[in-house]
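Q:
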Amino acid sequence: MEVKSVTCVAPVNIAVIKYWGKTNEKLIIPLNDSLSGTLHTDHMCAKTTVAISSRFTKDRIWLNGKEESLDNPRLVACITEVKDRARNSGKLTEEELQWNVHICSENNFRLAAGSSVIGRLVYSLSSFFLLSVFFSVYALATLYKIDGDISAIARRGSGSACRSIYGGFVQWITGTNPNGTDSIAEQIVPASHWPEMRVLILVVSDSRKKISSTSGMQRSCETSELLKHRVAKCVPERMTEITKAILKKDFETFAKITMQDSNQFHAVGLDTFPPCVYMNDVSHGIANLIHTINRIAGRTLAAYTYDAGPNACLYLLEKDVPSVLAAVNYFFPTDRPKGEYYRGLNVDVTS
Ligand code: 2P0
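Just so you know, we're using the numbering used here here: the sequence shown kicks off at 45 and counts up by one.
1. Output yes or no for whether 8 Å exceeds the beta carbon distance between TRP106 and MET261.
2. On a CA-only basis, which of HIS146, ASN332 and PHE317 is nearest ASN307? Give me that one, please.
3. Name the DSSP beta bridge partners of VAL94, please?
4. Do you know how far the Cα of THR349 is from the Cα of ALA157?
5. So ILE330 and LEU246 are in contact, right, with Cβ under 8 Å, and what is the actual spacing, rounded?
6. Should ASP405 be listed as close to the ligand 2P0, given that the test is whether its C-beta is under 7 Å from any heavy atom?
7. Have a look at GLU362, SER208, LYS272 and CYS357 and flag the residue whose alpha-carbon is nearest the alpha-carbon of PRO55.
8. Pairing CB atoms from the region 230 to 237 with CB atoms from the region 286 to 303, are three or more of them under 8 Å?
9. So for ALA352, helix, strand or coil by DSSP?
10. Sorted by chain position, which residues of the same chain lie with C-beta nearer than 7 Å to ALA371's C-beta, five sequence neighbours on each side aside?
11. Return yes when the Cβ of ALA341 is within less than 8 Å of the Cβ of TYR359, no when it is not.
12. Which value, in whole angstroms, describes the spacing of the CA atoms of HIS310 and THR344?
13. Given this structure, state the Cα-to-Cα distance separating GLU112 from ILE72, to the nearest angstrom.
14. Nearest-angstrom Cα distance between ILE190 and SER133?
15. Could you tell me how far apart the beta carbons of GLY81 and ILE58 are, in whole angstroms, since I believe they sit closer than 8 Å?
16. Which first and last residues belong to the beta strand (DSSP E) in which ALA59 is found?
17. Closer than 7 Å: is that where the CB of MET70 sits relative to any heavy atom of the ligand 2P0?
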C-alpha cells in the first residue's frame, strides 16, 4: 500500500508583547500585533507525523497514543485549507488529494520534566490539542508540498502558535485584509542573532488554567476599556521599541518593555468583567524578587513575563543565569514544606 508521510518537530514560543483579543473569532485575526521568542530546546517540543494513503478509510488523529475525535472545527478548518492550497499548487495528483489523513502527535514534555509538570505548563500556554493542530498543519503543508507562507494556516489552529513557525524572535502581524491572508508570522531575527539569550520557566502551578485564553480574551474585548487603550497606543509603540532593542541587543530596554507588557496584559485581565485572574501570590512574589535583584545589582539581570496562567517565564542573558537561579532557589526552594511561605505552592525551576 502506498503511504506518504512527513514528521516534524515543533517548539513553543513565549510572548514578550502579548496577543489578547480577536477581531474575527472564526479566522483568528488578532486585535494587535504580538512578538515572541521561540524556545530552542529538545526538552519542550512535540513530534507529529502526518500520513496520507489510498488505504485510509477516514481522517484520524492520535495524541500521545490515544485516538481523539476529529470534530474540532479549528482542526477541520486547517485540514481543509491545506487541501485547498495543495489542490491549487497542482503538485499532488487528484487521486492523492482524495486520500484520507492520519495524524499522530506526541510530546516529550512529561519525559523531559520527569513528571507531568511541563506538560501541564504547556497546557497553560496553549492546549496540547491545538498545539497539535499547528504541528499537523506544518507537517501537512510539507506533505502536500505547499509553497509560500503557512503561518496563516497555523493561525487557524491556535492564534499564538503561528509564531512557532519560525525560530528566534518572531512577530505576528495583525494585517489589514478582512479575510486574514496578511495576518502572518514573520521572523525578526534568528536565534543566532542573540545567542546569549536564555529563558527560565518557573512552574508555579501545574494545574489547568481556569479560564481559557479564547474565552478570556472574548470577555476582555466585550468589557475592558484598558484593552482599547492598549491596542490603540501601547502595543504599536512597544512593538517598535522592542524590535529596535532586539536588533541592537539592548537587554535593558527589551526587559523593561517585556515586563511592562506582561503587567498591562494582566491589568487588562483585572479590568475585564468578571475579571480574568491568572497570576497568583507566588507569581507576584517572583515578579517582586526580579525587581529586587535588578535594583540591588544596579542593572537588569532578568525580565519576567506571564501568560494566561501563574507560571513565570524569565528572559535573561546566559551570564546571569547562575545568580538569578540562586536567588530563585533561595527564595522559592522546591523542597519547601507546604504552607511554610506560600501555602501549598512550590516552584520547580527548569531551563
Ligand atoms: C500570547 N496568549 O501572545 C498570549 C499571551 C496568552 C497570553 O496567545 O484563541 O491559545 O487559540 O487564538 O493562541 C494564548 O492564546 O488563543 C495566547 P486562541 P491562544 O502568547
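Beta carbons: idealized from backbone N, C-alpha and C, even for Gly.
A: According to the structure data:
1. Against the sequence shown, residue 106 aligns to sequence position 62. Against the sequence shown, residue 261 aligns to sequence position 217. No.
2. Taking the first residue of the sequence shown as 1, we reach residue 307 at position 263. Among HIS146, ASN332 and PHE317, the Cα nearest to that of ASN307 is on ASN332.
3. Position 50 of the sequence shown, counting from 1, holds the residue named residue 94. For VAL94, which the question treats as bridged, DSSP gives the partners VAL50 and ILE147.
4. Position 113 of the sequence shown, counting from 1, holds the residue named residue 157. Position 305 of the sequence shown, counting from 1, holds the residue named residue 349. At ALA157, the pLDDT of 35 sits below 50, so the modelled position is not reliable; the number obtained from the coordinates is stated separately. Distance between the alpha carbons of ALA157 and THR349 is about 21 Å.
5. Counting from 1 along the sequence shown, the entry for residue 330 is found at position 286. Counting from 1 along the sequence shown, the entry for residue 246 is found at position 202. Confirmed, Cβ separation roughly 6 Å.
6. This structure cannot speak to residue 405, because the chain is shown only from 45 to 395.
7. Position 11 of the sequence shown holds residue 55. Closest option to PRO55, Cα to Cα, is SER208.
8. yes
9. Counted from its first residue, the sequence shown places residue 352 at position 308. Three-state result, ALA352: coil.
10. Taking the first residue of the sequence shown as position 1, residue 371 is located at position 327. Hits under 7 Å: LEU333 and ILE337.
11. Sequence index remark: in the sequence shown, residue 359 carries index 315 (1-based). Sequence index remark: in the sequence shown, residue 341 carries index 297 (1-based). No, these two residues do not count as a Cβ contact at 8 Å.
12. What you label residue 310 is simply residue 266 of the sequence shown in a count that begins at 1. What you label residue 344 is simply residue 300 of the sequence shown in a count that begins at 1. When rounded, the distance between both Cα atoms is 22 Å.
13. Taking the first residue of the sequence shown as 1, we reach residue 112 at position 68. Taking the first residue of the sequence shown as 1, we reach residue 72 at position 28. Rounded to whole angstroms, GLU112 to ILE72 spans 23 Å at the Cα level.
14. Indexing the sequence shown from 1 puts residue 190 at position 146. Indexing the sequence shown from 1 puts residue 133 at position 89. About 7 Å.
15. Here residue 81 corresponds to residue number 37 of the sequence shown, with the count starting at 1. Here residue 58 corresponds to residue number 14 of the sequence shown, with the count starting at 1. Contact holds; Cβ gap of about 6 Å.
16. Looking up residue 59 in the sequence shown gives position 15. ALA59: member of the beta strand (DSSP E) spanning 57 to 61, first to last residue.
17. Here residue 70 corresponds to residue number 26 of the sequence shown, with the count starting at 1. The sequence given here places Lys at residue 70; Met does not occur at that position. Not so, every heavy atom of the ligand 2P0 lies at least 7 Å from the Cβ.
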